[in-house]
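One structure is given here, and the rest of the page talks about it.
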Amino acid sequence: MALKIDPRAYGFHPEKCTGLPDGPPSPGWVLKSRFLLLKEIGSGGQSQVFKAMDLVARKAGLSTAIVAIKLMVAGEDVDPDFISLMHREARRLRDLVHPNIVRVYDMDRTGPVHFMVMEFLEGRTLSALLRESPERKLPPNHVERLVQDIGSALSFAHGKGIVHSDLKPGNIFLESSGAVKLIDFNIACPIARSIRTSEEDTLRILIRTGAITPAYASPQRLQGAEPCEADDVFSFALLTYLMLAGVRPFGPKNALEALEANATPGRINSVNDAQWRTICSGLALNDHDRTTTVREFVDGFSSANKQSLGRAWLPSWFRPV
Ligand SMILES: Nc1ncnc2c1ncn2[C@@H]1O[C@H](COP(=O)(O)OP(=O)(O)O)[C@@H](O)[C@H]1O
Ligand SMILES: [Mg+2]
Numbered sequence: 001m002a003l004k005i006d007p008r009a010y011g012f013h014p015e016k017c018t019g020l021p022d023g024p025p026s027p028g029w030v031l032k033s034r035f036l037l038l039k040e041i042g043s044g045g046q047s048q049v050f051k052a053m054d055l056v057a058r059k060a061g062l063s064t065a066i067v068a069i070k071l072m073v074a075g076e077d078v079d080p081d082f083i084s085l086m087h088r089e090a091r092r093l094r095d096l097v098h099p100n101i102v103r104v105y106d107m108d109r110t111g112p113v114h115f116m117v118m119e120f121l122e123g124r125t126l127s128a129l130l131r132e133s134p135e136r137k138l139p140p141n142h143v144e145r146l147v148q149d150i151g152s153a154l155s156f157a158h159g160k161g162i163v164h165s166d167l168k169p170g171n172i173f174l175e176s177s178g179a180v181k182l183i184d185f186n187i188a189c190p191i192a193r194s195i196r197t198s199e200e201d202t203l204r205i206l207i208r209t210g211a212i213t214p215a216y217a218s219p220q221r222l223q224g225a226e227p228c229e230a231d232d233v234f235s236f237a238l239l240t241y242l243m244l245a246g247v248r249p250f251g252p253k254n255a256l257e258a259l260e261a262n263a264t265p266g267r268i269n270s271v272n273d274a275q276w277r278t279i280c281s282g283l284a285l286n287d288h289d290r291t292t293t294v295r296e297f298v299d300g301f302s303s304a305n306k307q308s309l310g311r312a313w314l315p316s317w318f319r320p321v
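Residues in the sequence shown are numbered consecutively from 1, following UniProt numbering.
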């Protein structure tokens with residue numbers, strides 16, 4: 001299907017195009033004479049996300065001509081080794097082809113602009129959905145489906161040796177078609193580490209640059225450890241709690257403060273005992289006590305549900321004591 005959009009309507013005239021304009025990236029910019037930025041759709045710690053048009057795909061009449069581009073402008077103070085590392089990490093995301101993970105097509109650079117080309121998703125994030133939901137929570141059966149889909153994406157990534165490391169409602173995208181997609185794998189970590197200064201500690205830099213969201217990070221991440229699967233398990237359990245309860249398990253405390261205060265999460269009434277044990281095990285502040293894999297967490301959460309439904313259905317004289 002040919003697209004009706006005319007790049008000239010956005011101020012793009014290929015014959016006049018020489019390099020990048022001054023100022024921050026904005027609609028009308030063309031990256032590598034190919035990607036025309038149409039509209040800014042998101043911005044965060046150190047990046048901007050644009051809806052964009054792939055002019056080559058458009059010329060070929062491909063339906064994938066509309067893409068999303070996430071870009072970062074790296075200053076001169078950023079270590080080139082870390083830039084290479086970021087590109088390498090991003091390229092690994094191209095192998096993550098899974099129905100619940102946003103497709104990453106490529107990572108490239110033009111001058112100081114580093115950009116990732118992705119499929120364009122139509123819909124809204126889980127944080128937007130939660131904001132609009134009564135008591136900011138979702139019905140348990142809805143949560144169970146989300147846990148299945150997000151868990152499937154995370155397990156797949158872990159199987160390929162990739163940790164998400166910034167799992168939170170803003171990084172879960174709910175497409176208008178109903179599909180659930182994980183976005184924003186944290187490839188910005190290398191940049192965050194590269195701009196460390198002697199006055200500022202690692203954690204503060206990771207937070208300032210958006211590489212860590214303290215409210216969802218495990219105590220180990222907050223203590224500066226390298227990201228690993230167990231951190232995703234913790235954030236996933238925290239996310240599950242939030243979707244069911246409408247509040248975070250340790251209130252305003254982050255996981256490190258919760259550890260110091262010996263805090264425990266309040267019981268959620270809409271889940272059965274086995275599901276509750278699964279959530280608590282995922283939320284263990286000490287990583288030695290935590291569920292080790294996402295698969296284990298998902299199985300615990302859903303098989304527990306089936307077990308409870310099965311038992312509720314059985315006649316009382318048949319139930320084991
Ligand atoms: N592939 C995409 N398609 C459509 N919108 C997207 C896409 N990727 C990101 N966005 C939008 O941009 C926002 C920020 O993207 P994200 O990758 O989470 O960047 P950040 O690192 O700034 O959090 C998202 O919350 C979402 O609204
Ligand atoms: Mg994000």
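Beta carbons: idealized from backbone N, C-alpha and C, even for Gly. Computed from a predicted model, the values in this text were never measured in an experiment.
When you compare only the Cα positions, how much space is there between H164 and F185? The sequence position of residue 164 within the sequence shown is 164, counting from 1. The sequence position of residue 185 within the sequence shown is 185, counting from 1. Taking the straight line joining both Cα atoms gives about 5 angstroms.
Confirm, please, whether the CB-CB distance from P219 to L283 is below 8 angstroms. Along the sequence shown, read from residue 1 onward, the residue named residue 283 stands at position 283. Along the sequence shown, read from residue 1 onward, the residue named residue 219 stands at position 219. Taking 8 angstroms as the Cβ cut-off, L283 and P219 do not qualify as a contacting pair.
Cut-off 7 angstroms between Cβ atoms - residues of its own chain near L285, not counting five sequence neighbours on either side: Here the question's residue 285 lines up with position 285 in the sequence shown. Here the set comprises P219, A255, A258, L259.
What ranges does the beta strand (DSSP E) occupy inside the segment 64 to 152, keeping only unbroken runs of at least 3 residues that lie completely in it? 66 to 73, 104 to 110, 113 to 119, 123 to 125
Buried or exposed for G75, please, with buried defined as at least 16 other CB atoms from any protein chain shown within 10 angstroms of its CB. Along the sequence shown, one-based indexing puts residue 75 at 75. Under this definition G75 is an exposed residue.
Could you tell me the alpha carbon to alpha carbon distance between A263 and F250, rounded to whole angstroms? One-based indexing of the sequence shown puts residue 263 at position 263. One-based indexing of the sequence shown puts residue 250 at position 250. Roughly 7 angstroms between the two C-alpha positions.
Best match in T293, L36, E40, L182 for proximity to D54 [C-alpha to C-alpha]: For the purposes of this step, residue 54 is identified with residue 54 of the sequence shown, where counting begins at 1. Cα-wise, what sits closest to D54 is L36.
Restricting to runs no shorter than 3 residues, where is the beta strand (DSSP E) found entirely within the segment 192 to 263? none
Looking at the secondary structure, which residues open and close the alpha helix (DSSP H) in which G282 lies? Here residue 282 refers to the residue found at position 282 when the sequence shown is read from its first residue. Element bounds for G282: 273 to 282.
Reducing DSSP to helix, strand and coil, say where K51 ends up. Counted from its first residue, the sequence shown places residue 51 at position 51. Correct three-state label for K51: strand.
Taking 7 angstroms as the cut-off, is the C-beta of G170 nearer than that to any heavy atom in ligand 2? Here the question's residue 170 lines up with position 170 in the sequence shown. Yes; taking the cut-off as 7 angstroms, the Cβ of G170 has a heavy atom of ligand 2 nearer than that.
Do Y105 and L167 come within 8 angstroms of each other at the CB atom, strictly closer than that value? Mapped onto the sequence shown, residue 167 falls at position 167. Mapped onto the sequence shown, residue 105 falls at position 105. Their beta carbons are not under 8 angstroms apart, which means L167 does not touch Y105 by this criterion.
Checking the sheet assignment: what are the DSSP bridge partners for L167? Within the sequence shown, residue 167 is the residue found at index 167, counting from 1. In the DSSP output, where bridge partners are listed per residue, L167 has none listed.
Compare the beta carbon distance of Q48 and L31 with 8 angstroms and say whether it is the shorter of the two. What you label residue 48 is simply residue 48 of the sequence shown in a count that begins at 1. What you label residue 31 is simply residue 31 of the sequence shown in a count that begins at 1. Their beta carbons are not under 8 angstroms apart, which means Q48 does not touch L31 by this criterion.
Return the CA-CA distance between residue 339 and P21, expressed in angstroms with no decimal places. Any question about residue 339 goes unanswered here, given that the chain covers just 1 to 321.
Compare the beta carbon distance of P25 and V113 with 8 angstroms and say whether it is the shorter of the two. Here residue 25 refers to the residue found at position 25 of the sequence shown. Here residue 113 refers to the residue found at position 113 of the sequence shown. Taking 8 angstroms as the Cβ cut-off, P25 and V113 qualify as a contacting pair.
Any heavy atom of ligand 1 within a distance shorter than 7 angstroms of the CB on I66? Here residue 66 refers to the residue found at position 66 when the sequence shown is read from its first residue. Answer for I66: no, Cβ out of range of ligand 1.
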